[in-house]
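Sequential numbering from 1 applies to the sequence shown in full-length UniProt numbering.
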Amino acid sequence: MEEFWKALGDCDLAYMGFNRQKFTWEMVNFAETNIKERLDSGVANMERNRFKFKSWWILEPSCEEVIKKLWNEKSGNVLDKLEYIHIGLQRWGKNIKGERERRSKNLRERLVELDGMARDDDTLAEIIDVKLELNQEMEKEEMYWEQRARANWLCQGDKITAFFHSAG
1 MEEFWKALGD
11 CDLAYMGFNR
21 QKFTWEMVNF
31 AETNIKERLD
41 SGVANMERNR
51 FKFKSWWILE
61 PSCEEVIKKL
71 WNEKSGNVLD
81 KLEYIHIGLQ
91 RWGKNIKGER
101 ERRSKNLRER
111 LVELDGMARD
121 DDTLAEIIDV
131 KLELNQEMEK
141 EEMYWEQRAR
151 ANWLCQGDKI
161 TAFFHSAG
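The following block contains the structure:
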């Protein structure tokens with residue numbers, strides 16, 4: 001148990017406590033054999049700066065390599081390494097998002113060029129390749145917006161629901 005508390009300390013995690021019933025489970029028998037237990041417990045890092053992994057990052061071929069590189073560059077405990085990865089991935093994500101936007105633009109322009117060319121086997125093969133690449137880029141963009149929409153719904157959804165319940 002000491003190692004567990006040491007790990008919590010290393011990660012700057014604190015016990016959250018509770019405000020409601022002291023026990024979360026009770027086996028109601030006779031008074032002398034009644035069993036009460038607290039089954040749920042929570043710990044949290046009190047810092048406000050939360051790391052949000054972008055789901056589209058996993059579709060980038062360099063993602064795994066970047067994470068391994070960042071993990072191996074930093075020494076120290078797990079929390080220090082995770083914070084370093086957080087900062088590194090945010091920086092990498094901004095760069096890669098810009099590259100992705102440029103790549104999509106270039107692919108669209110190339111597709112327009114290919115549409116204007118005579119149709120031979122090489123041109124048709126390149127059209128297929130460009131469309132496949134463009135679809136992959138569009139899938140990443142879709143994942144980005146899907147994750148943003150879900151985050152917005154989680155933030156705003158309760159407010160909207162409360163509004164409609166109070167109006168009805």
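Using N, Cα and C, we set each Cβ at its ideal position, and we do this for glycine too.
Residue j beta carbon less than 9 Å from that of residue i
| i | j | result |
| --- | --- | --- |
| Glu37 | Ile96 | no |
| Asn45 | Cys11 | yes |
| Glu133 | Arg103 | yes |
| Lys74 | Lys81 | yes |
| Asp115 | Ile128 | no |
Whole-Å CB distance - residue i paired with residue j, under 8 Å assumed
| i | j | result |
| --- | --- | --- |
| Ser55 | Met143 | 5 Å |
| Val43 | Ala14 | 6 Å |
Buried versus exposed call for residue i [16 or more other C-beta atoms within 10 Å across all chains shown]
| i | result |
| --- | --- |
| Lys52 | exposed |
| Leu70 | buried |
| Gly93 | buried |
| residue 169 | Only positions 1 to 168 of the chain appear in the structure, and residue 169 is not among them; the question remains open. |
| Lys140 | buried |
| Trp57 | buried |
Test: residue i CB closer than 9 Å to a CB of chain D
| i | result |
| --- | --- |
| Ala31 | As a matter of chain content, chain D is missing from the structure shown, which is built from one protein chain. |
### Message
Under 8 Å, with one C-beta from each stretch per pair, do the segment 98-110 and the segment 65-85 reach the 3-pair mark?
### Response
In short, these stretches do not touch, since the Cβ pair count stays below three.
### Task
Could you pull out every unbroken beta strand (DSSP E) segment of at least 3 residues lying fully inside the segment 57-82, listed in chain order?
The segment 57-82 contains no complete beta strand (DSSP E) run of 3 or more residues.
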